[in-house]
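Just so you know, we're using numbering that gives the first Met the number 0 here: the sequence shown kicks off at 0 and counts up by one.
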Amino acid sequence: MENLKIGVVGTGAIGREHIRRLSEKVSGCRIAAVSDINETAAGEVAEKYGAEFYKDSNELIRSKDVDAIVITAGDPAHASLCIAGLHAGKFIFCEKPLATEVPECEKIVQEEQKCGKRLLQVGFMRRYDPGYVEMKRLIRNGSIGTPLMVHACHRNMTHAPSMNSDLSIRNSGIHEIDIMRWLLEEDYDSCDVIIPKHNSHADPDMQDPQIMRLRTKSGVEIDVEIAQNSGYGYDIQCEVVGELGTIKLPDPAKVDKKIKGVHFVDVNPDWESRFSEAYEIELAKWVDEVKTGKVTGPSAWDGYMACLAADTLSRSRVDGERKKIIIPEKPALYI
Ligand code: NAI
Numbered sequence: 000m001e002n003l004k005i006g007v008v009g010t011g012a013i014g015r016e017h018i019r020r021l022s023e024k025v026s027g028c029r030i031a032a033v034s035d036i037n038e039t040a041a042g043e044v045a046e047k048y049g050a051e052f053y054k055d056s057n058e059l060i061r062s063k064d065v066d067a068i069v070i071t072a073g074d075p076a077h078a079s080l081c082i083a084g085l086h087a088g089k090f091i092f093c094e095k096p097l098a099t100e101v102p103e104c105e106k107i108v109q110e111e112q113k114c115g116k117r118l119l120q121v122g123f124m125r126r127y128d129p130g131y132v133e134m135k136r137l138i139r140n141g142s143i144g145t146p147l148m149v150h151a152c153h154r155n156m157t158h159a160p161s162m163n164s165d166l167s168i169r170n171s172g173i174h175e176i177d178i179m180r181w182l183l184e185e186d187y188d189s190c191d192v193i194i195p196k197h198n199s200h201a202d203p204d205m206q207d208p209q210i211m212r213l214r215t216k217s218g219v220e221i222d223v224e225i226a227q228n229s230g231y232g233y234d235i236q237c238e239v240v241g242e243l244g245t246i247k248l249p250d251p252a253k254v255d256k257k258i259k260g261v262h263f264v265d266v267n268p269d270w271e272s273r274f275s276e277a278y279e280i281e282l283a284k285w286v287d288e289v290k291t292g293k294v295t296g297p298s299a300w301d302g303y304m305a306c307l308a309a310d311t312l313s314r315s316r317v318d319g320e321r322k323k324i325i326i327p328e329k330p331a332l333y334i
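Below, the structure written as structure tokens:
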């Protein structure tokens with residue numbers, strides 16, 4: 000089959016990484032077009048990969064020379080670009096979060112239903128990380144019995160100037176919200192946020208760290224530390240405690256070093272190095288599935304559910320109250 004012609008909107012940090020992966024690591028596709036409001040950056044990428052540069056993202060989305068869209072623009076641009084992609088009837092891979100606001104997610108889900116088939120996949124790449132995949136297999140086969148609790152943490156070395164207390168949940172924490180729901184195969188019932196002592200390396204008006212607490216419908220209690228100023232690296236941990244045993248997420252294998260009297264293993268510096276394998280598996284599978292006409296990765300509904308939980312957590316952070324997460328009925332398209 001001919002190479003899938005991919006149009007990428009957003010040539011920032013992860014946009015360029017995905018373009019590199021799709022060009023060098025994933026077979027069966029090519030970067031046909033790129034667009035970004037930063038025209039210089041997009042122009043450079045277009046030249047490097049022999050792609051067409053589009054000044055107008057919507058024109059790229061509608062182009063007959065583009066089979067499928069990758070959205071790696073900043074969060075606020077996701078909703079309108081997804082809707083344009085759905086109107087064009089194209090397969091879309093949209094980086095997380097699906098959108099920044101719950102009503103935008105609702106609109107995307109409504110528009111996709113009008114298409115009559117799933118066209119959209121959200122970039123929750125942790126679902127492709129071999130460690131999480133193995134944890135899910137062990138939960139499913141009953142190795143640890145019924146899950147009771149999850150203890151997790153998501154630590155970034157340091158944060159971009161644009162980061163704030165709210166984005167810490169809606170942009171970083173959303174990975175945790177999605178992966179726990181996927182691991183446990185359950186929706187959430189309620190949530191709240193605990194605010195520990197302030198890290199003096201964080202902006203004074205930013206709550207950092209935070210502890211997100213989520214309770215599933217069956218009563219599994221999840222606590223996730225979200226920290227933007229670990230000071231030592233990018234660290235993702237997850238332990239699921241069951242009735243019969245406990246399982247912990249491994250880091251990708253690294254050489255254990257003993258040098259000059261010190262025994263150590265390097266810590267991942269950032270998300271790119273920690274999850275590079277997951278991104279590659281995620282995109283390769285997406286390309287293969289788009290070519291068969293049926294995508295099975297994280298859906299617009301999953302993106303909506305994550306945004307709904309993040310929104311409820313953010314409101315709980317502000318008023319300190321534990322809140323119910325009200326989940327609407329799941330449309331047939333997503334069952
Ligand atoms: P970035 O700031 O480096 O790049 C974003 C790019 O989007 C910029 O070049 C900007 O000019 C462009 N842009 C903004 N609005 C646009 C619009 N309306 N039309 C076209 N281009 C537009 O940000 P980064 O880190 O590359 O993040 C991009 C997206 O990917 C974000 O939504 C972020 O949440 C997500 N992301 C996901 C990760 C994951 O682990 N799955 C990791 C990092 C980012």
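Cβ atoms here follow ideal geometry from the backbone N, Cα and C, with glycine treated the same way.
Asked: Paired residues, beta bridge with residue 276 - DSSP; Found: Beta-bridge pairing links residue 276 to no other residue.
Asked: Rounded C-alpha distance that separates residue 211 from residue 104; Found: 22 Å
Asked: Beta-carbon proximity check, residue 9 vs residue 71, cutoff 8 Å; Found: yes
Asked: Burial state of residue 166, where buried means 16 or more other Cβ atoms lie within 10 Å; Found: buried
Asked: Paired residues, beta bridge with residue 215 - DSSP; Found: 187
Asked: Validate contact between the region 85-94 and the region 121-130 using beta carbons, cut 8 Å, 3 pairs; Found: yes
Asked: Proximity of residue 129 and residue 276 at Cβ, strictly below 8 Å; Found: yes
Asked: Nearest-angstrom Cα separation, counted from residue 3 out to residue 67; Found: 7 Å
Asked: Residue 134 beta carbon near ligand 1 (any heavy atom closer than 7 Å); Found: no
Asked: Residue 52 CB to nearest heavy atom of ligand 1 below 7 Å; Found: no
Asked: Of the listed residues 208, 194, 202 and 189, nearest to residue 214 (C-alpha basis); Found: 189
Asked: Distance cut-off 7 Å: residue 122 Cβ against heavy atoms of ligand 1; Found: yes
Asked: CB of residue 44 within 8 Å of CB of residue 306, strictly; Found: no
Asked: Proximity of residue 219 and residue 185 at Cβ, strictly below 8 Å; Found: yes
Asked: Residue 243 classed as buried or exposed, judged by whether at least 16 other C-beta atoms fall within 10 angstroms; Found: exposed
Asked: Near ligand 3: residue 181 beta-carbon under 7 Å from a heavy atom; Found: Among the ligands modelled here, namely ligand 1, ligand 3 does not occur.
Asked: Three-state secondary structure (DSSP) of residue 138; Found: helix
Asked: From 187, 227 and 208, residue whose alpha carbon lies closest to that of residue 217; Found: 187
Asked: Three-state secondary structure (DSSP) of residue 195; Found: coil
Asked: Candidates 76, 116 and 5: closest to residue 36 by CA position; Found: 76
Asked: Extent of the continuous beta strand (DSSP E) to which residue 17 belongs; Found: Where residue 17 is concerned, there is no enclosing beta strand (DSSP E), although the alpha helix (DSSP H) it sits in stretches over 12-23.
Asked: Helix, strand or coil at residue 148 [DSSP, three-state]; Found: strand
Asked: Within 8 Å, strictly: CB atoms of residue 87 and residue 154; Found: no
Asked: Neighbourhood of residue 24 by C-beta, 7 Å cutoff - its chain only, sequence neighbours within 5 removed; Found: 279
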